[in-house]
Each structure stands twice: as structure tokens, then as C-alpha cells.
Amino acid sequence: MPNENENKCADKNLDRRRFLKSAAVGAAGLALSSCSSSSFQAFFQDHFREMDKDELLSTLKRMEEEYSKKYGKKFTVSAEAPIDETLFGYGLDISRCIGCRRCVYACVEENNQSRDPQIHWISVLRFKKGDKWMDLENSTKYYDPEKVPEDGYFYVPIACQQCENPPCTKVCPVQATWKEPDGIVVVDYNWCIGCRYCMAACPYGARHFNLTDPGLPAEEVNPKTHYLGNRPRPRGVVEKCTFCIQRTRKGLYPACSEICPMGARKFGNILDPESEIRYLIDKKRVFRLKEDLNTLPKFYYFI
Amino acid sequence: MVIGLISYAIQMSNGFIVTAIRDQVSWGFYISNFTFLVGVAAAAVLLVLPAYVYHFKPIKEIVFLGEMMAITAICMCILFVTVDLGHPERVWHMLPLFGSPNFPRSMLTWDVLVLNGYLIINATVFFYIMYKLYEGADYNKIMPLVLLSIPWAVSIHTVTAFLYNGLGARPFWNASILAPRFLASAFCSGPALMILVLQIVRKMANVPIDNKAIFKLSELIAYTMALNIFLLFCEVFKEVYSDSIHLYSLKYLYFGLHGHNNLVPWMWTALVFNSVSLFLFLYPKTSKSIKYVNAACVMTFIGVYIEKGFGLIIPGFVPDTLGEIYEYSPSIVEIGVTIGIWATGALIYTMLFKFAYPIYKKGLPNNGERQEG
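In order, the protein sequence lines correspond to chains H and L. Here the first sequence is numbered in our numbering, starting from 3 and rising by one per residue. Here the second sequence is numbered in our numbering, starting from 589 and rising by one per residue.
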């Protein structure tokens, strides 16, 4: 559920919105009467942040039924609200990363990413040691060795940097993507029009477009989902890493940090002075990607 | 158009997988065409300016042909943006009251605003003048709107340039010279297309068009083409001399990068075409010959089309933000949809002409015999 303040804001617009919506529904109802009722409801669904409690609950229920039917599993679609006094941050120890990409595939499984065509929210870039420092131009994410780590290389995993000043949300023409109070940049897949302007604006290649219906085998689906996170996406919308919103808002670690065999990945609340992530930011030598762009990532790399 | 409809149906039923658009290059041929056509629409102002502001008679007589072109080009722009959407049925999310337009933060909402505004202005001016001509009445009351259309034309192309310009993630676009370059190249390609259309109209229908109008236009192209090439030079200098990482996109365009050189022949063609046409427009002997002017116009049109399309949109994504090179070239479906939209444009223009021509004929002084201007 969206937090209290947002609900209050939404209330003010409610009468006007209700009126317009019912008028529109009435008019279009005649034209679209042949469509199934759930796609009809989805079409007229409000923006996530402007839904009132009733609409949110009925929307979540509708989605749960739809997904349960489609994948033959009992689905839950939650809308777990952000935790107060929390700003999520991520840390990654480059000297520990061995480039095994277990994080990539744990992410795919946890977040119901398309298997065919493949969508990966995490890219692991391989750099040559001793080359010009971090020259993205001479890195690759397509490497295929027998064993990792390879001699003479180091690895830098990159996913959404959850910027404090995100260029992607600024450009969205319909406000389908925004930064939540806990710092996670999310997408309302039912509101996105698929213009891909956010992909052009993202300096980290963190946004991915569903070119076609996601190839998501029913037996591999993760049925524990969040509206703004890992619920199955439709075709023609943009998706991205959400710091595993469905897990982290319940106090769990993101799937990628849980699986990492080297313990290279750290996660926590940067507002909490006692947290591990704060300790690392304080004590380690830290940098962030493309600092000159003033995007202020909450993803910290340390050496 | 049939090709276009079939191609779009394929795209709608299979998704964008049938296009060559991927995560690395997230905008392609559609947006290239869109950008080029915004320029064509904006360039209609080059007819309005001499006609209404300086009362240059040979052009004033045919200014409606230019307004028709602006209307057509904007319609095509809107079509190109629509086919580029993953969910075109959700465009109502952009409407105020019903949806949640991100105004004024998103440049895309600005673009929607100025493009539709420009369409409304031009359509109003066009139909008002036609109506008054039909009545045989004076149409000068519309002048304020005509004057408004001039800065508005500049604004549509400026906003479109800002659409790319404002992205720090894409150094190739993030250069302050982008909007002036946009305008300069648009003011070459628009009138170039106009000169060709004027002659087709002159041949096909009995519309008297003075060669003076054509030469005036070609003179304007000469200035703007010179400016266009100069601005390109400025940009090349800045990138090459500073020799920063930003140079990669430019290198990719003109020389190829790590063996990827799809666009190299195209870009050199554009450069040669633009330079040769500039020479033809300037050299006294060729600039006064319809034949050479036509050749120069064809070259300008092709040159700017390549430069504005492939040369501007694609290198913004190549190399991508993580340094990957994905070589984009439009798929058959994209080409089909594009052909369809250009055909629709031709149809709109023809229909507008069929509507305007009888009225125009009637409104002409001395029953269609042109007076010396």
C-alpha cells in the first residue's frame, strides 16, 4: 500500500477523478463490451499512486486470480509499503567478486525475468587488469571461461544504481516510474506506455524492455510477488531491478546478495548508523559509477 | 499503406521483437523518421516568413502548399511516435485530468504539447484562409496566428532537440549545439522537399508557380546549409581536439569502432551530398538553373535524412552506456511500417490539395492568370 501521505494527496482528486472515470468507463463500455472483463478493468485501472484503498485491493485480487490461473500456482501480489526511516543502500566489494554470475541467475529466478528472450537485470562486466582503469569501452559482459575467476581480469556487476537523483523518472511522460520513500526506483507496469525514454536517460543500462511476451515457464515462476516488483510483466513495458522490493520490505536480503558465494554483496539501511552498509561506507574506500553525472547512486562499490 | 498496415499488424501481434530495437539501442528507425519530419514541419516557416512578413508575392501565392506540408509532416510525426510505443492504447495516460502527464518535468510531454499546438495553429490558419478565399473575403484577421506560427515552428524543433539534449547519460546528444544544428539542418531539408513538391504540383495541376519563388527558397537553403556544415565542423572540432571518451560515437559514425562500421558509408554519402549541394546552391551558374537546383535539393534531402536519422539517433546509443556496441539496422517490419507512414503522408497531402486546389483557383486574381510579382 502506498504510504499515508500519498493517500491523502490522492483523496483530494478523488471526486473529479471518479467522475471522469465513470464517464469514460460508461462511454467506452459500450464500445469495448466484447472484451473480457479483466482486460477491461486493467485498461481503466488508475495509476498505482492514485488508487484508493478499495481499488488497490480489488486490483491486487484481480491480478492474483489472473496469475494463478495462468501459471497454475497460488499467487500473492502484495503492495507492502515502505518501512519508515529506511533508505536502502547496496555495497559491492569488487576485490571479492569472482564473476561467477550466480547473482544474475538468482535475480532472474526471484524476479520472474523472461527466459526467452533473456532479460538480465544484473550485468557483470569483465575488465582486464592493468588496463586503463574502468574503461567501459574495453569491458565485456559476454565472457565464457571454463573457470572463474580468470587470471588477469576483474569483474564489476552492475544493476540499477537506485539513484537519489534519477534521470529515468524525470523523463517519463506519464509518471509511470518514480522513487519510493525508501529510495527504490519502481515502475507501474500497468501504467507504462512503452516509450523507452527512461532507457535513453539511464546512464547505467539498468532498464530493460519486454520486446515480446516474456518467456516464463510455469514451473519456474516465483508466485510470491509485489505489485511494483517481481509480478509477471506484460509485453511492451520497461522493467528494472527493485532491490527485491518484495523481500527487502519484509526485512530479507535481496536474492543476489543472499546467493553470492564470496560475500561480496552487502545490503542495508543507510539511515541506520549501526548497519553494516554504513560501517562499510565509513571505513572502506568507496566510489560510485559515473559520479560526474550527479545521479547520486545508492549503490556503493568498494575496494 | 497496405505494406505499412500489414507490417504494423505483425509488430502488434508479436511485439517489438520483430524490429531491430533492443535494450542497447532502444530507439531506432521510427524515432529517426520522427525527428527528421519535425524538421520538415518546422521548415514550413521558411515559406511563411517571406510571404507574410516581407510580402514576397511569388511565395505568398503558394504559401498554402507550405502550410499543407506542415500539417502533413506533423501528422506523420504523430504516427511515427505512436508506432514506437509498446502500449499505444495507453496514450490516454498522458492526458491531463484522465492520466498523469509528467508536466513540466518530462520533455516528452512538452513535445506532445508543442507538436499538437503547431498542428492546430497550422490547420486553423490553413482552413480559415481557404474559407475566406472561398468567400472572396479578406483573410488578414488571421495574421496574429500566422505570426505566432513562426516562433512556434522554431519551438517544435527546439523542444525535439531538447528531448535528446537533456540526457546526461548520452554524451553524443548532451551538447549545447544540438538545437541550433537541428534547426539548421531542418531549414535545409524542409525547403528542399518543398522545391521538389512545388514542381510536381506545377506539372500535375495548373498552379502557376514563379521560378522566383523557387530560387528564393534555394537561396535560403544555401545559407542554412552553410550554417549546418559549419555547426557540424564545430562539433567535430570540439570532440576531436579534446579527445575524450565522448569521441567514440563520432568515430563510430565516420570511421567505425572496433570493426563495427555499418554507418560509415552512409555518413560519408551524407557529408558529400551536403557539401556538393551547398556548392550547387552557391555557384552562380548552377544556382540559377532549375535542373541543378533540383539535383541539389534531392541531395540535400537525402543528406539530411541520413544525418538526422541514422547519424543522430543511433550513435546516441552506440556505444551504449556500458560500452557495448550493438549494430542497429532496421528490420523488414520497421521498413514496412515506415513506408506505410510515408505513403499515408502522401495521401494526406494529396487530399488536402484536392480540397484546396479549387478554392485556390477561384481565389486567384484574373481567373488564374498570375500577375507579375
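Beta carbons: idealized from backbone N, C-alpha and C, even for Gly.
For the alpha helix (DSSP H) that contains residue i, what are its first and last residues?
i              : result
N621 (chain L) : F617 to A631
L282 (chain H) : E278 to K285
G847 (chain L) : Neither: G847 (chain L) is in no alpha helix (DSSP H) and is coded neither H nor E.
K292 (chain H) : No alpha helix (DSSP H) holds K292 (chain H); DSSP gives it neither H nor E.
K75 (chain H)  : Where K75 (chain H) is concerned, there is no enclosing alpha helix (DSSP H), given that its DSSP letter is neither H nor E.
G891 (chain L) : I878 to K896
I744 (chain L) : M731 to N753
K149 (chain H) : It is not in any alpha helix (DSSP H) - K149 (chain H) carries neither H nor E in the DSSP assignment.
V613 (chain L) : No alpha helix (DSSP H) holds V613 (chain L); DSSP gives it neither H nor E.
R769 (chain L) : L766 to M792
S601 (chain L) : V590 to N602
P872 (chain L) : P872 to S875
M813 (chain L) : N799 to S830
L841 (chain L) : L835 to Y842
C109 (chain H) : R104 to E112
Q115 (chain H) : No alpha helix (DSSP H) holds Q115 (chain H); DSSP gives it neither H nor E.
S259 (chain H) : A257 to I261
T250 (chain H) : I247 to T250
Please work out which residues of its chain come closer than 6 Å, Cβ to Cβ, to residue i, disregarding the five sequence neighbours upstream and downstream, and give them in chain order.
i              : result
A33 (chain H)  : Bear in mind that the predicted position of A33 (chain H) carries a pLDDT of just 49, short of 50, making it unreliable; the figure below should be weighed with that in mind. Hits under 6 Å: none found.
M657 (chain L) : A632
M939 (chain L) : none
F750 (chain L) : M695
S595 (chain L) : V921, G924 and V925
R758 (chain L) : G904
K292 (chain H) : P205
P946 (chain L) : none
Q787 (chain L) : none
N794 (chain L) : none
H122 (chain H) : V106
Kindly give me the distance between the Cβ atoms of residue i and residue j, rounded to whole angstroms, as I take these residues to be in contact under 8 Å.
i              : j              : result
V79 (chain H)  : R233 (chain H) : 5 Å
H745 (chain L) : A711 (chain L) : The pair is not a contact, with the Cβ atoms about 19 Å apart (cut-off 8 Å).
F869 (chain L) : A810 (chain L) : 4 Å
L819 (chain L) : I765 (chain L) : 6 Å
L282 (chain H) : K268 (chain H) : 6 Å
L673 (chain L) : G196 (chain H) : 5 Å
P175 (chain H) : N882 (chain L) : About 40 Å separates the two Cβ atoms, so there is no contact after all.
Pull the bridge partners of residue i from the DSSP assignment, please.
i              : result
K125 (chain H) : Per the sequence shown, residue 125 (chain H) should be read as Ser rather than Lys. Bridge partners of S125 (chain H): H:I160.
E241 (chain H) : H:H210
A130 (chain H) : Sequence check: residue 130 (chain H) is Lys here, not Ala. According to DSSP, K130 (chain H) bridges with H:Y155.
D95 (chain H)  : H:F304
F90 (chain H)  : H:N271
T607 (chain L) : BP columns for T607 (chain L) are empty, so no partner.
T142 (chain H) : H:R128
V288 (chain H) : H:F304
Can you list, in chain order, the residues of its chain whose CB lies under 7 Å from that of residue i, leaving out five sequence neighbours each side?
i              : result
I902 (chain L) : V613, L851 and Y916
S919 (chain L) : V606, T607 and A608
G756 (chain L) : N762
K10 (chain H)  : The predicted position of K10 (chain H) is uncertain, since its pLDDT is 44 and thus under 50; a value taken from the coordinates is nonetheless stated next. None.
T874 (chain L) : L868 and Y880
M782 (chain L) : L635, G654, M657 and L805
M887 (chain L) : F861, V864 and S865
S2 (chain H)   : Since the first residue of chain H shown is 3 and the last is 305, residue 2 (chain H) is not available in this structure.
P256 (chain H) : F245, C246, R249, T250 and F269
M264 (chain H) : R98, C99 and I100
T857 (chain L) : I894
How far does the beta strand (DSSP E) with residue i in it extend, from its first residue to its last?
i              : result
Y302 (chain H) : F301 to F304
K226 (chain H) : K226 to H228
T78 (chain H)  : T78 to S80
K268 (chain H) : R267 to N271
Counting only the same chain and skipping the five closest in sequence on each side, list residues whose C-beta sits under 8 Å from that of residue i.
i              : result
I817 (chain L) : N862, S863 and L866
P676 (chain L) : T670
F624 (chain L) : S777, V892, Y893, K896 and G897
R237 (chain H) : N212, L213, T214, D215 and P216
W740 (chain L) : V702, G705, Y706 and I709
### 3 or more residues per run - each beta strand (DSSP E) lying fully within the region 161-211 of chain H
The region 161-211 of chain H contains these whole beta strand (DSSP E) runs: 179-181 and 187-189.
### Task
Run through the region 648-731 of chain L for me and flag every whole alpha helix (DSSP H) of 4 or more residues, listed as ranges in chain order.
With a minimum length of 4 residues, the continuous alpha helix (DSSP H) runs that stay inside the region 648-731 of chain L are 651-671 and 695-723.
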